[in-house]
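With our numbering as the guide, the letters of the sequence shown map in order to residues 4 to 556. The beta-carbon is built from N, C-alpha and C at its ideal position, and this holds for glycine as well. Please read all numbers here as calculations on a predicted model, not as lab measurements.
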Amino acid sequence: MNDTINITSDLTTLGSKVFKPNGLTKFSYFDEDGRGVVPVIRTSSLSKTPEEISIDFSDCVIKRYEGSPTPPEFLMEKLFPMASVSILAAAGGVGKGMLMLDLALNLACTTASPYGSAFGPRVVQNGSVVLFCAEDNQEELHRRYAVLDPANTRNHIDTGSNKNQIYSIPLPNKGGAFPIIEQDKNKGFRASEKFKAIKTWLKSLPNLKLIIFDPIASFIWGADTNDAGAMTFLMNTLQDLATETGSCCIVTHHTNKPGRNSQGRTQEHETLEDILHSMRGSTAIANGARLVYVLSEAPKAIQDKVGKALGIKKGRHMVYLGGVAKANGIANKEEQYFIRDEETGLLRNVTAQVKEKALKNKDLKEILRKAISDHEEKMPLTLTGPGGVFQRKHELPVIFHEYTKRDIEDLANQLLRDGEIGKYAKMGSTKAHYLGIKDGVLSRGQVSETQAEIWYDVLLKPAFVQAIFEAEKIGQPFNKAGRSSPWKRKEKLPSEFHHLLEGQLRKLTEDALKEKSIVTAMHGCEKNAQWLCDPQGPLATDPESYEFIKGSI
C-alpha cells in the first residue's frame, strides 16, 4: 500500500461538487451549497503550489512511540525549550533587547555558564546565536556589548575549540527589517522570499542554538497583528524554522503599559497573567508559542518587598515582576523579581536573594546542614576545592544557586563553629576534610574509600555508560576527545555529572573503555573520529549506515 498522497491541482479528485466561483472571497473554492472548502485554501498558505505538496504519514504509526521518549531540551534550566518558539513580552523601555544580548553572550562565550544569565537559571547550552535587531543600529549594539561585556570575552569566541559565533545583525544598517510572511495572490499568506533565503542560511550554520527576532512586530508586513489567521500562520512559520534548525527561537513582543482607572490612578499589573493579557495583537501570537516569558514594572507591594529585602531605594523603573506566564510543558512558573543594574541598565533576577532574606539565618543553616548530611554516604562535600560547597552549589537546594563563594562558605563555617558539622576522614584515609554532621556516618567512621569506590562502580559508572548509549540512540554520540567529548558536552549528560571536572569525566571514559562497557567506532563522515558507543549498537555494528542528526558533529 502506498502511504504517500500527492495533492494535485485537479480539484475533481476532491469530489465532482467542488468548483471555483466568479470573484474571490475568503475561501478559494466552494461546494454546490456555497460552503467554503477550507482545506483547499489552506494549501496555498504553505508557500507551495498544490502540485508540489506531498504528504507522507507512513512513519507516524503507534510503534514510532515505543520505548522511552527523548527528554525535552532547554536553553536554560527549564526555560526556553529547544526546537521551539518562545516569546519575551514587555512594554517598550523595559530592556528586552539588553536581556537578549546578555543571553547571547552567556550562550556563545562560555561553556554552560554556572552563574546563569540575567534571567537567573543556569545556561545549559553552548553554541552560536543569530540576532535580528530591527531597532538598534550598529553603533548602539556596539555600545551595549561594551557595557555588558567589559572584559571582551566576545573577542575570544570562534577561536581554539570554541567555534561559536554571535551574529548581531543591525537591520537599520542593512536596509531595514524584512517580512517573515507576505500575502499571496489568493489573499492567503506564505513565507516571504527573503525569509526563505535567510532560513536557508540559518540551516547552514553549525551548532546554532538561538535565533532572536527583536521585536517581532517589525517583521510583520501587510498583515494585521489582530488577525488570528495571519498570526497563526506567522507563528507556524517560525515554529518550522525552530524545528528544522533544532534551535530555540525567541521573539520579543510589546505589551501595553498599565492603563488608568476612573480616578486617574495607574492600574498596576498585579500578576503574570495580567501582563500576558496585555500583549498586543491577537491571542494567536501567545497561543502559537511553546513558552511566553513576561516582564513589567512590579506593583507597589512587590516593590516594597524587594526593596526591604535587598535594602535598595524604591524608584520608578527599578523593580520588575517577571516569569513564565504560559508554557506547553515543563517550566518554572513561580514569580521572579528583577532589579535594574544602575551601571549597565540590565535587569537581573534577584528572586533567590529576596527569598533568602525572608528566611532567618538559622533556617538557612539548617537547610545547608541537611544537604551536607544527604551527601555523606555518596560523595561528601568539602569546604573548599573541587568538591567544595561553592563549586558544587548546584547540587544543593536552589536557594544556594545564586550564592557567592564568600557567602556559602561563611554559612558552612558557621555550622563548623557551632559544632553542627565537622571535618572527617573516610576509613583508611588520613585526610580529614569531608563535611559531615555530628553523629553522622562520616563521624562514626562508616564511610570508607572502598565505599566510595563501590558507589563509583555501582552507581556512577553504569549511569555514565547508559548516557553514552542514549546519546548514540538519538544520533548525538560523544567522542573520545575534542569538542564532542563528555567533558566538553557535559550539559548533555544527566545532572549528576554536571559538577564533575574534566579529569573525573576522562577517568570515567577511560575506565568504561578499558572494561569494554563502551567501545569506539569510526564513521565515514569523520575517519579520524573515535565515537563512543554501545558494543552492540548501530555505530559499532554498522557505522556506514549510522545517521548523525544535523549539528551533532
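| Exposed or buried, which one is TYR580 when buried takes at least 16 other CB atoms within 10 Å? | The structure shown does not extend to residue 580, since the chain is modelled only from 4 through 556, so no value can be given for it.
| query | Along the chain, where does the alpha helix (DSSP H) that runs through GLY506 open and close? | reply | 505-517
| Where PHE60 falls, given that 16 or more other Cβ within 10 Å makes a residue buried | Around the CB of PHE60, fewer than 16 other CB atoms lie within 10 Å, so the residue is classed as exposed.
| said: Need the endpoints of the alpha helix (DSSP H) that GLY448 sits in, please. | reply: Per DSSP, GLY448 belongs to no alpha helix (DSSP H) and is neither H nor E.
| field | Under the three-state DSSP convention, the category TYR68 falls into | value | helix
| query | Just the Cα atoms here: how many angstroms apart are LEU362 and TYR549? | reply | 54 Å
| said: Output needed for LYS1: all residues of its chain with C-beta closer than 7 Å, excluding positions within five of it in sequence on either side, in chain order. | reply: A question about residue 1 goes unanswered here, because the residues of the chain that appear run from 4 up to 556.
| said: Is it buried or exposed, HIS159, if we count other Cβ atoms within 10 angstroms and call 16 or more buried? | reply: exposed
| query | Three-state secondary structure (DSSP) at GLY310? | reply | Of the three classes helix, strand and coil, the one that applies to GLY310 here is helix, per DSSP.
| field | Local conformation of ALA107 per DSSP, three classes | value | helix
| task | Counting only the same chain and skipping the five closest in sequence on each side, list residues whose C-beta sits under 7 Å from that of GLY390. | result | LEU384
| At which residues does the alpha helix (DSSP H) containing LEU418 begin and terminate? | 408-420
| query | Under a three-way DSSP split, which group does PRO84 fall into? | reply | strand
| With C-beta atoms as the reference, is ILE440 less than 8 Å away from SER376? | yes
| query | Around the Cβ of HIS145, are there at least 16 other Cβ atoms within 10 angstroms (buried) or fewer (exposed)? | reply | exposed
| From ARG125, ILE305, ASP227, pick the residue whose C-alpha is nearest to that of GLN186; which is it? | ASP227
| Residue interval of the beta strand (DSSP E) (run including LEU294) | Residues 294-300.
| message | Tell me the rounded alpha-carbon separation between GLY332 and GLY448. | response | Taking the straight line from one Cα to the other gives about 45 Å.
| said: As a quick exercise: from PRO465, ILE521, PRO489, pick the residue whose alpha carbon is nearest that of LEU508. | reply: PRO489
| task | Could you check if LYS396 is buried or exposed, using at least 16 other CB atoms within 10 Å of its CB as the buried criterion? | result | buried
| said: Assess contact between the segment 305-312 and the segment 90-99, defined as three or more Cβ pairs (one per stretch) separated by less than 8 Å. Is contact present? | reply: no
| request: With distances taken Cα to Cα, identify the nearest neighbour of LYS483 among PRO465, LEU414, THR523, ASN416. | output: THR523
| query | Out of curiosity, what's the CA-to-CA distance linking SER47 and GLY291? | reply | The predicted position of SER47 is uncertain, since its pLDDT is 37 and thus under 50; a value taken from the coordinates is nonetheless stated next. About 20 Å.
| said: Please classify ASP34 as buried or exposed, where buried requires at least 16 neighbouring CB atoms within 10 angstroms. | reply: Note that ASP34 has pLDDT 40, beneath the 50 cutoff, so the model's placement of it is unreliable and the number below is only indicative. By the neighbour-count rule (16 or more Cβ atoms within 10 Å), ASP34 is not buried but exposed.
| query | Residues bridged to CYS63 by DSSP? | reply | Paired residues: none, contrary to the question.
| said: By DSSP's criteria, GLU185 is part of a beta bridge. Which residues make up the other side? | reply: Checking the DSSP bridge columns, you'll see GLU185 partnered with ARG193.
| message | Quick test of the definition: if touching needs 3 or more C-beta pairs under 8 Å, does the segment 141-155 touch the segment 84-95? | response | no
| With C-beta atoms as the reference, is LEU535 less than 8 Å away from PRO480? | The answer is yes: Cβ separation under 8 Å.
| request: Rank VAL127, CYS112, ARG67 by C-alpha distance to the C-alpha of PRO75 and give the top, closest one. | output: VAL127
| query | Nearest CA to the CA of GLY284: which residue from SER250, LYS81, LEU237? | reply | LEU237
| task | From the DSSP output, in three-state form, read off TYR2 for me. | result | This structure leaves residue 2 out entirely; the chain is present only between 4 and 556.
| said: Pull the bridge partners of ILE315 from the DSSP assignment, please. | reply: Its beta-bridge partners do not exist; DSSP assigns none.
| task | Enumerate in chain order the residues of its own chain whose CB-to-CB distance from VAL353 is below 6 Å, with the five nearest sequence positions on each side excluded. | result | TYR340, ILE342
| request: Just grab the DSSP bridge partners of LYS464 for me. | output: LYS464 is not bridged to any residue.
| message | Does GLY485 come out as helix, strand or coil in the three-state DSSP assignment? | response | helix
| CB ILE197 to CB PRO218, shorter than 8 Å? | Looking at the sequence provided, one finds Lys at residue 197 rather than Ile. Taking 8 Å as the Cβ cut-off, LYS197 and PRO218 do not qualify as a contacting pair.
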